[in-house]
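A.B. asks:
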Ligand SMILES: [Zn+2]
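In this note's numbering, the protein residues as written are 2 to 212.
What follows is the structure, given as structure tokens:
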């Protein structure tokens, strides 16, 4: 695949903010800038990339808390997640106080995303899948030709997203994973919001939550 990826761990929750860009044009996107905006900006400079868009998978503070500040600094739009996460994005400052993380601004996306839409990252198409459960408006981004996806907090190596937060729904999460993600090919590689990347084949075989 023509895309390059750099992961920046942000916030005390060690969230994987992803920089994804086209190696030829340098153009790309930042996914889930949850905080530590200066660290993300330094990584953008190191990568030598040109950020066109900020995409959000969902409205939790460790994924969205730095989006407004970064969007302002770069002059780029914030796109996603599904509008069902609006209450979470509106309440980011309160979430930040509850979790003891300073300086998080509410986010008003320039555009919401819906199931089946296609977004552009570095010149390649990524399909939007709505995978509710961890949050009601959680979306994931998949590039079918490249067998590559960005899954946020839906599916992890040997685990799944937590559903004990407000708006969580475990049954909805497992249904979304089984109906929308597990049909992807064995060698489909995905990066997630926390921890290491994995493949659909590994999770289908080993993940105890989806057997
Ligand atoms: Zn989350």
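Beta carbons are placed, not taken as given, at the ideal position from N, Cα and C, and that holds for glycine. All of these numbers come straight from a predicted model, not from anything done at the bench.
With residue 122 as the anchor, note down where its beta strand (DSSP E) starts and where it stops.
C.D. replies: Run containing residue 122: 119 to 122, per the beta strand (DSSP E) assignment.
A.B. asks: Under 8 Å by Cβ, that's how I've got residue 177 and residue 137 pegged, so tell me the actual separation to the nearest angstrom.
C.D. replies: The Cβ separation is near 11 Å, so there is no contact.
A.B. asks: From the DSSP output, in three-state form, read off residue 53 for me.
C.D. replies: Strand at residue 53.
A.B. asks: Rounded to whole angstroms, what is the Cα-Cα separation between residue 161 and residue 204?
C.D. replies: Cα-Cα distance, rounded: 10 Å.
A.B. asks: If you measure from each CB to the nearest heavy atom of ligand 1 and keep those under 5 Å, what residues do you get, in chain order?
C.D. replies: So the residues near ligand 1 by this Cβ test are 61, 154.
A.B. asks: Identify the continuous alpha helix (DSSP H) that holds residue 202 and give its terminal residues.
C.D. replies: Here the alpha helix (DSSP H) through residue 202 covers 201 to 207.
A.B. asks: Across which residues does DSSP place residue 186 in a beta bridge pair?
C.D. replies: Paired residues: none, contrary to the question.
A.B. asks: Helix, strand or coil: how does DSSP classify residue 92 here?
C.D. replies: The answer is coil: DSSP assigns residue 92 none of H, G, I, E or B.
A.B. asks: Tell me whether residue 64 sits in a helix, a strand or coil according to DSSP, three-state version.
C.D. replies: Of the three classes helix, strand and coil, the one that applies to residue 64 here is helix, per DSSP.
A.B. asks: To the nearest angstrom, how far is it from the Cα of residue 59 to the Cα of residue 3?
C.D. replies: Between residue 59 and residue 3, the C-alpha separation is close to 26 Å.
A.B. asks: Would you mind sorting residue 208 into buried or exposed? The rule is 16 or more other CB atoms within 10 Å of its CB.
C.D. replies: Classification of residue 208: buried, given that the 10 Å Cβ count is 16 or more.
A.B. asks: Please report the straight-line C-alpha distance between residue 170 and residue 89, rounded to a whole angstrom.
C.D. replies: Cα to Cα, the separation comes out at about 15 Å.
A.B. asks: Where in the region 114 to 159 do unbroken runs of the beta strand (DSSP E), each at least 3 residues long, occur, reported from the N-terminal end onward?
C.D. replies: The qualifying runs are 119 to 122, 125 to 131, 140 to 144, 149 to 151.
A.B. asks: What would DSSP say about residue 97, mapped onto helix, strand or coil?
C.D. replies: Residue state, collapsed to three classes: helix.
A.B. asks: Check the DSSP bridge columns for residue 28 and list the partner residues they point to.
C.D. replies: Beta-bridge pairing links residue 28 to 51.
A.B. asks: Could you say if the region 144 to 157 and the region 47 to 61 meet the contact criterion of at least three C-beta pairs nearer than 8 Å?
C.D. replies: The region 144 to 157 vs the region 47 to 61: in contact.
A.B. asks: Which class does residue 161 belong to by DSSP, given the choice of helix, strand or coil?
C.D. replies: Reduced to three states, the DSSP call for residue 161 is strand.
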